[in-house]
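For reference, the structure discussed in these notes is given below.
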Amino acid sequence: MEVARELLGRLLLRRTPEGLAALRLTEVEAYLGVEDAACHTFGGRRTERTATMWGEAGHAYVYLIYGMHHCLNVVTVGDGHPEAVLVRGGVAVAGEELMLRRRGGRRRSLADGPGKLCQALAITRDDDGADLCTPESGLWIVDDGLRVAEGEVLRTPRVGVDYAGEAAAWPLRFVWSRYAGGR
DNA sequence: TCTAGGATCGGCT
DNA sequence: GCCGATCCTAGAT
């Protein structure tokens, strides 16, 4: 929850042969590991897919959903505690034209959803395990000093986890209110 | 080996 | 607001 809150306003950068692109994060969700029924590692599940969630904090956990979209997560705790933050949305601060091309010219919904965000940044399963703390990975997060005021942080239940029982109601979705609206 | 279903998106009504 | 696309993953057999 702490990392989710702190990621709002941070920059997610992406370097590929096509060029540099950057998003300022506006929407994230916390997934609290083995005790969270909405989390892929609920109940201690440990599979090939979720292997990176069980690994070192600060790395990317990328998975495919609905057979066609990718979702990017930031692995948090580490040390046997497989928790993560799902990156759900951001606004362009660099490389907007490049991201537009990848998104098929959809300027109004460039990266306001986890699948769209991955498409805009060309993130796939190949990026699973990437070290998000160094530019050398080509996918990394930086703090440029900007801070999102506490009064601008909106908290709601997470999206699409109705099946998760009690956990479905936990207010683990963090949204930068000035960018709320797009889902 | 089989099967059900999913941390979504976009087009259509 | 509804619904189909599309295929991997995980659990059951």
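Quick note, my numbering runs 492 ahead of the 1-based positions in the first sequence.
Note that the Cβ used here is the ideal one computed from N, Cα and C, for glycine as well.
Every value quoted in this text rests on a predicted model; they were computed, and no experiment measured them.
| query | result |
| --- | --- |
| Counterpart residues of T508 in DSSP-defined beta bridges | G511 |
| Cβ neighbour criterion (16 or more within 10 Å) applied to L499 | buried |
| Nonlocal neighbours in the same chain, by C-beta distance under 6 angstroms from C610, ignoring five residues either side | H562 and L564 |
| Reduced DSSP secondary structure (H/G/I, E/B, other) of C563 | strand |
| Reduced DSSP secondary structure (H/G/I, E/B, other) of R675 | Confidence at R675 is low in this model, with a pLDDT of 44, below 50, so its placement is unreliable and no value can be given for it. |
| L503 vs A584 beta-carbon contact at 8 angstroms | no |
| Under 8 angstroms between C-beta atoms of R594 and A614 | yes |
| Alpha-carbon to alpha-carbon, S601 and G674 | Because the pLDDT of G674 is 46, which lies under 50, any placement of that residue in the model is unreliable, and the question is left without a value. |
| Extent of the continuous alpha helix (DSSP H) to which L609 belongs | P606 to L613 |
| Residue nearest to Y553 in terms of C-alpha spacing, selected from G596, D619 and A529 | D619 |
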